[in-house]
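Structure record follows, encoded as structure tokens.
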């Protein structure tokens, strides 16, 4: 599934918390600037990237200075080259400088997730496999990062613990077996997708027999994935997971799996290099 832009109240909550931790009782440095001073500034992307995070960027300035004019030169989800001008700000100098870091933090972090996701999506192009995220997100930014994944062309796994069942090793041990865990899930959460994590082909057989909606192949090698694909023969979607990186993701996709979940999309975040240049 894809994630639409999070609702305004969700964005506002993130922005409010971020501004509170940065501004505290007030920006003592910006206070050195005359209250009536105005300026114009441009945010420039210093490397190739997929841009994501405009709603959060805008919300920062709408909250601290509604009078700031914001003009975007790129679309959400657009790929840009190094040196591209992204957005122009014009208004009270104090407000622009006070909001700069928080606004850029959102934009550079979400653009990082969107950019990395795009690399993975391009790596598996033509194979039929879909790139998915995980719950390994930055605390408080779950919705934002999963939205960024979709901006990069990826797809979302479950949003949280409430919208899908994922039966892992410890759940199986506690329930007694894969069959017992799946049966309990069907009884307690009827209509909810049930996915079973497996560690070998024997567990794949058990999950298939138990009626799992999706079977996860956890840390399988390529040959193991190929055997699982042949054994399941399209009766159930297969998801590869565990230690996936850009170097091997296409080889994984070519085994015939339907889905590849990648924790690095939201966990291994390297912020995109942005800067605000004032005129």
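In the working numbering, the protein residues as written are 1377 to 1655.
Even for Gly, the Cβ is constructed at its ideal location relative to N, Cα and C.
Apply the 10 Å Cβ neighbour rule to residue i and answer buried if 16 or more other Cβ atoms are within range, or exposed otherwise.
i	result
residue 1597	exposed
residue 1445	exposed
residue 1404	exposed
residue 1484	buried
residue 1378	No answer about residue 1378 holds up, because its pLDDT of 47 lies below 50 and its placement is not dependable.
residue 1579	buried
residue 1523	buried
residue 1646	exposed
residue 1644	exposed
residue 1349	Shown here, the chain extends from 1377 to 1655; a query on residue 1349 therefore has no answer.
residue 1611	exposed
residue 1533	buried
residue 1443	exposed
residue 1571	buried
residue 1411	exposed
residue 1550	exposed
residue 1479	buried
residue 1393	exposed
Would a C-beta distance cut-off of 8 Å place residue i and residue j closer than the cut-off?
i	j	result
residue 1441	residue 1402	no
residue 1577	residue 1591	no
residue 1620	residue 1638	yes
residue 1423	residue 1469	no
residue 1486	residue 1435	no
residue 1650	residue 1415	no
residue 1636	residue 1616	yes
residue 1463	residue 1419	yes
residue 1594	residue 1573	yes
residue 1654	residue 1499	no
residue 1465	residue 1407	no
residue 1569	residue 1541	yes
residue 1575	residue 1599	no
residue 1453	residue 1428	yes
residue 1543	residue 1561	yes
residue 1488	residue 1648	yes
Please name the residue in the options whose C-alpha comes closest to that of residue i.
i	options	result
residue 1395	1424, 1575, 1462, 1477	1477
residue 1390	1546, 1464, 1518	1518
residue 1559	1383, 1537, 1640, 1582	1582
residue 1515	1536, 1622, 1497, 1499	1536
residue 1409	1471, 1511, 1595, 1497	1471
residue 1602	1633, 1417, 1618	1633
residue 1467	1413, 1383, 1502, 1439	1413
residue 1625	1502, 1447, 1575, 1561	1502
residue 1430	1497, 1455, 1451	1451
residue 1473	1385, 1437, 1454, 1497	1437
residue 1658	1525, 1433, 1648	Nothing about residue 1658 can be read from this structure; the chain reaches only from 1377 to 1655.
residue 1384	1551, 1439, 1548	1439
residue 1481	1411, 1432, 1562	1432
residue 1652	1567, 1460, 1566, 1511	1460
residue 1640	1381, 1447, 1511	1511
For a cutoff of 8 Å on Cβ pairs, would you count residue i as touching chain C?
i	result
residue 1444	Chain labels in this structure do not include chain C; a single protein chain is all it has.
Item to check | Three CB pairs or more closer than 8 Å across the region 1551–1565 and the region 1582–1590 | outcome: yes
Checklist entry - Counting Cβ pairs, one atom from each stretch, are 3 or more of them under 8 Å apart for the region 1624–1636 and the region 1504–1515? => result yes
Checklist entry - Does the region 1487–1495 come close enough to the region 1524–1542 that 3 or more CB-CB pairs lie under 8 Å? => result yes
Checklist entry - In chain order, which alpha helix (DSSP H) runs of at least 4 residues are fully inside the region 1549–1636? => result 1554–1564, 1577–1586, 1598–1608, 1625–1629
Next on the checklist: Quick check on the DSSP output: what are the complete alpha helix (DSSP H) runs of length 4 or more inside the region 1495–1528, in order along the chain?
Outcome noted: 1518–1527
Checklist entry - At which residue ranges does the region 1397–1452 contain complete beta strand (DSSP E) runs of 3 or more residues, listed in the order of the chain? => result 1414–1421, 1445–1448
Item to check | Every unbroken beta strand (DSSP E) inside the region 1453–1484 [3 residues or more] | outcome: 1460–1468
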